[in-house]
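>
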Amino acid sequence: MNSEESNSVKTVAMDLKRLNRRRIYNLLRNGRACSRRDIVMQLNLSLPTVVQNLNELSEDGLICEAGQQTKTGGRRAKTYTSVNDFRTAIGLDVTPHEVAAVAVDLCGHILARKRLKVPFVRTADYYRQLGRLVDDLVLNAGLAAAHVLGVGISVPCLTEKDGTHSYYCKALGGTDELFAGDFAEYISFPVRLCHDTDTSAFAESWAWPEHGDFFYLMLSNSIGGAVFINGDLYNGDNCRSCEVGHTQLVQNGEPCYCGRFGCADCYCSAKPLVKLTGGDLAEFFRRLEEKDPAARDLWQKYLNYLAQLIHNIHMLYDCRVVLGGQIGQRLDGYLDTLCAKLAAMDPFIQNADYVSVCKAKVESAAVGAAISFIGEYVSSI
Numbered sequence: 338m339n340s341e342e343s344n345s346v347k348t349v350a351m352d353l354k355r356l357n358r359r360r361i362y363n364l365l366r367n368g369r370a371c372s373r374r375d376i377v378m379q380l381n382l383s384l385p386t387v388v389q390n391l392n393e394l395s396e397d398g399l400i401c402e403a404g405q406q407t408k409t410g411g412r413r414a415k416t417y418t419s420v421n422d423f424r425t426a427i428g429l430d431v432t433p434h435e436v437a438a439v440a441v442d443l444c445g446h447i448l449a450r451k452r453l454k455v456p457f458v459r460t461a462d463y464y465r466q467l468g469r470l471v472d473d474l475v476l477n478a479g480l481a482a483a484h485v486l487g488v489g490i491s492v493p494c495l496t497e498k499d500g501t502h503s504y505y506c507k508a509l510g511g512t513d514e515l516f517a518g519d520f521a522e523y524i525s526f527p528v529r530l531c532h533d534t535d536t537s538a539f540a541e542s543w544a545w546p547e548h549g550d551f552f553y554l555m556l557s558n559s560i561g562g563a564v565f566i567n568g569d570l571y572n573g574d575n576c577r578s579c580e581v582g583h584t585q586l587v588q589n590g591e592p593c594y595c596g597r598f599g600c601a602d603c604y605c606s607a608k609p610l611v612k613l614t615g616g617d618l619a620e621f622f623r624r625l626e627e628k629d630p631a632a633r634d635l636w637q638k639y640l641n642y643l644a645q646l647i648h649n650i651h652m653l654y655d656c657r658v659v660l661g662g663q664i665g666q667r668l669d670g671y672l673d674t675l676c677a678k679l680a681a682m683d684p685f686i687q688n689a690d691y692v693s694v695c696k697a698k699v700e701s702a703a704v705g706a707a708i709s710f711i712g713e714y715v716s717s718i
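Residues in the sequence shown are numbered from 338 upward in steps of one, following the numbering used here.
1) DSSP three-state call for residue 444: helix, strand or coil?
2) Suppose the cutoff is 6 Å on Cβ atoms and the five residues either side in sequence are ignored; what does the same chain contact list for residue 643 look like?
3) List the endpoints of the continuous beta strand (DSSP E) containing residue 491.
4) Please report the Cβ distance between residue 709 and residue 657, rounded to the nearest whole angstrom; I am assuming they are in contact, meaning their Cβ atoms lie under 8 Å.
5) Are the stretch 682-693 and the stretch 511-525 in contact at 8 Å, needing three or more beta carbon pairs?
6) Anyone know if the C-beta pair for residue 418 and residue 401 falls short of 8 Å?
7) Flag this pair as yes or no: are the beta carbons of residue 553 and residue 537 separated by less than 8 Å?
8) Considering only residues of the stretch 649-682, which uninterrupted beta strand (DSSP E) runs meet the minimum length of 3 residues and lie entirely inside it, listed in chain order?
9) The beta strand (DSSP E) spanning residue 625 covers which residue range?
10) In angstroms, rounded to a whole number, what distance separates the CA positions of residue 624 and residue 632?
11) To the nearest angstrom, how far is it from the Cα of residue 659 to the Cα of residue 494?
12) Out of curiosity, what's the CA-to-CA distance linking residue 665 and residue 717?
13) Rounded to whole angstroms, how far is the Cβ of residue 516 from the Cβ of residue 501, which I believe are closer than 8 Å?
14) Cα-Cα, which of 663, 448, 512 and 405 is closest to residue 369?
15) Check residue 605 in the structure and name its three-state DSSP category.
16) State the DSSP-derived secondary structure class of residue 402, mapped to helix, strand or coil.
17) Do you know how far the Cα of residue 388 is from the Cα of residue 454?
18) The alpha helix (DSSP H) with residue 711 in it runs from where to where?
19) Tell me residue 555's beta-bridge partners as DSSP assigns them.
20) Looking only at its chain, what residues have a beta carbon closer than 6 Å to the beta carbon of residue 697, apart from the 5 residues adjacent to it on each side?
21) Output the residue ranges of the beta strand (DSSP E) runs that lie fully inside the stretch 457-542 and measure 3 residues or longer, sorted by chain position.
22) Can you tell me whether residue 499 is buried or exposed, with buried defined as 16 or more other CB within 10 angstroms of its CB?
23) Does the beta-carbon of residue 728 have 16 or more other beta-carbons within 10 angstroms, so that it is buried, or is it exposed?
24) Hey, could you find the ends of the alpha helix (DSSP H) residue 376 is sitting in?
25) Where residue 612 and residue 546 are concerned, what is the direct C-alpha to C-alpha distance, given to the nearest angstrom?
26) Once the 5 residues before and after residue 359 are set aside, which same chain residues still bring their CB inside 7 Å of it?
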C-alpha cells in the first residue's frame, strides 16, 4: 500500500469514528437514557466501540451517567444521557416594536426567555439595550458565559449566508440594511443575523424531525416561506427563495410595502385582520371565537386568500405545508375549514391532509436563531 492509499484509509477510519461518536451522542441527546446494550442494539455497533465513545463523551462533559435500569435479573445496567446545558446559545427576534430573547440548550429547549418593548431604530442606544437584554438573560438563567456559543439575531430581512449583512429591511421600516457588527459592538458573544422565516423553520425542524420535506409558511405581521429538502434549507441562488409574500394573489390589488400591488402579504399577513381591532391580533381571535359577525366575515375572506396561496405552494412543491407564525400557530381550530377549501381547489386529491399547524409555537424565530449556533456545534461533535 502506497502512502496515498494509506492516508485515504486513515481518513475513512477517522470519518467513521467521528460518525459513530456523533450517532451515539445524538441518540442520547434526542431520546431517553440508554444503557450500553441499548446503544449496541439501536445503532448496530460493537460493544467496544460503544464503550470507547461513551468514555470519551463523558470525559468531554457531553454526557453523564443517568442512573441504572430497573432490575430484570442480573446486575443493573448503568444508563447514560446527554448534558444538554453543556453548551447554550441565545436567540433574538427583532421586530418593529419589540424584541424577544431566548436561551436554549443543546436540544433546542428553551431555558429562559424575555421580551423587551422597544421600537426598532439603528442607533447605538438601541443596540446597547439589546446588549443589556442578552446580559440579563444570561445572568437570570444562570448560564456560564464561557459556554454560550453565540447570539443569533432573527430579522424580517433578506440575509447573506454568512450572517454578517441583511438587506431589504422594509418590514422594519426606515432602514435599508443591517450589519451584524453593529449589534456585536454591544453583545459580548459571537453574533450573526438570520432571516426570520428561516429561523422559524429551523425551530420547526427540530421540534418535529419526522416532517421530512416540508414548506414552512410563516403568517405574521408579514409573510415568509422556507423549504426543507432532505433535511437542508434551500436558499436559492441569491438567498431569496420562497419569498411567497410577494407573489401576486390579486391583479391590481392592494398596495404592498414592496411597491407593487396585490401581493400575498396584503391579504394573508396579520395586517388585514388587525384593522378590525386597532392592531391587536389576540383581540381579533377573541372576537372570532365569540362569533362576532364582522370578525367572521373578515375571517372567511382571509381563509379564501390563504387557501389560494397554500394551493399555489403545494402545486409547486408537492410536499407538506406547515403553517407557523402568529396566525399559523392559532389555526388548529380552523384547519378543517381551510383544508376543505384546499381540497375543492385541487384537481388531484380529495383531501388536503398535507397541511398542518406548527409544533414550535413559542418564540420560534428566536429559538431558530439560537439553533443556528447549536446545530453547528452538534455537527462538530
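Cβ coordinates follow ideal geometry from the N, Cα and C atoms, glycine included.
Keep in mind the model is a prediction, meaning the values are calculated, not measured.
Per the coordinate set shown:
1) By one-based count along the sequence shown, residue 444 stands at place 107. If DSSP states are grouped into helix, strand and coil, residue 444 belongs with coil.
2) Looking up residue 643 in the sequence shown gives position 306. Within the same chain, residue 643 has close Cβ partners 605.
3) Position 154 of the sequence shown, counted from the start, is the residue given in the question as residue 491. 485-492 is the span of the beta strand (DSSP E), which, as asked, contains residue 491.
4) Mapped onto the sequence shown, residue 709 falls at position 372. Mapped onto the sequence shown, residue 657 falls at position 320. Not quite, the Cβ-Cβ distance comes to about 23 Å (not below 8 Å), so this is no contact.
5) no
6) For the purposes of this step, residue 418 is taken as the residue at position 81 of the sequence shown. For the purposes of this step, residue 401 is taken as the residue at position 64 of the sequence shown. Yes, these two residues count as a Cβ contact at 8 Å.
7) Looking up residue 553 in the sequence shown gives position 216. Looking up residue 537 in the sequence shown gives position 200. Yes. Within cutoff.
8) Within the stretch 649-682, the beta strand (DSSP E) runs of at least 3 residues that lie entirely inside it are, in chain order, 657-661.
9) Here residue 625 refers to the residue found at position 288 of the sequence shown. Annotation: residue 625 is outside any beta strand (DSSP E); the continuous alpha helix (DSSP H) that includes it extends over 618-626.
10) Mapped onto the sequence shown, residue 624 falls at position 287. Mapped onto the sequence shown, residue 632 falls at position 295. Their backbone Cα atoms lie some 6 Å apart in a straight line.
11) Looking up residue 659 in the sequence shown gives position 322. Looking up residue 494 in the sequence shown gives position 157. Cα atoms of residue 659 and residue 494: separation of roughly 21 Å, rounded to the nearest angstrom.
12) As a first step, residue 665 is located in the sequence shown; it is residue number 328 there, counting from the start. As a first step, residue 717 is located in the sequence shown; it is residue number 380 there, counting from the start. Distance between the alpha carbons of residue 665 and residue 717: 33 Å.
13) Position 179 of the sequence shown, counted from the start, is the residue given in the question as residue 516. Position 164 of the sequence shown, counted from the start, is the residue given in the question as residue 501. Indeed, because the Cβ distance is near 7 Å, the residues count as touching under 8 Å.
14) Translated into the one-based positions of the sequence shown, residue 369 becomes position 32. Nearest C-alpha to residue 369: 405.
15) For the purposes of this step, residue 605 is taken as the residue at position 268 of the sequence shown. Taken through DSSP and simplified to helix, strand or coil, residue 605 comes out as helix.
16) Along the sequence shown, one-based indexing puts residue 402 at 65. DSSP places residue 402 in strand when its eight states are reduced to three.
17) As a working mapping, residue 454 is identified with position 117 in the sequence shown. As a working mapping, residue 388 is identified with position 51 in the sequence shown. Rounded to whole angstroms, the separation of the alpha carbons of residue 388 and residue 454 is 50 Å.
18) The residue given as residue 711 occupies position 374 in the sequence shown. Run containing residue 711: 701-717, per the alpha helix (DSSP H) assignment.
19) Here residue 555 refers to the residue found at position 218 of the sequence shown. In DSSP, residue 555 forms a bridge with 561 and 661.
20) As a working mapping, residue 697 is identified with position 360 in the sequence shown. For residue 697, where only same-chain residues beyond five positions count, the Cβ hits under 6 Å are 540, 541 and 544.
21) 485-492, 502-504, 514-516 and 528-532
22) As a working mapping, residue 499 is identified with position 162 in the sequence shown. Exposed is the call here.
23) Outside the shown range of the chain, which is 338 to 718, sits residue 728, and nothing can be said about it.
24) Locating residue 376 in the sequence shown gives position 39, where the first residue counts as 1. It spans 373-380 - the alpha helix (DSSP H) in which residue 376 sits, taken as one unbroken run.
25) Numbered from 1 along the sequence shown, position 275 holds the residue referred to as residue 612. Numbered from 1 along the sequence shown, position 209 holds the residue referred to as residue 546. Whole-angstrom Cα-Cα distance: 37 Å.
26) Walking along the sequence shown from the start, residue 359 turns up at place 22. These residues qualify, in order along the chain: 718.
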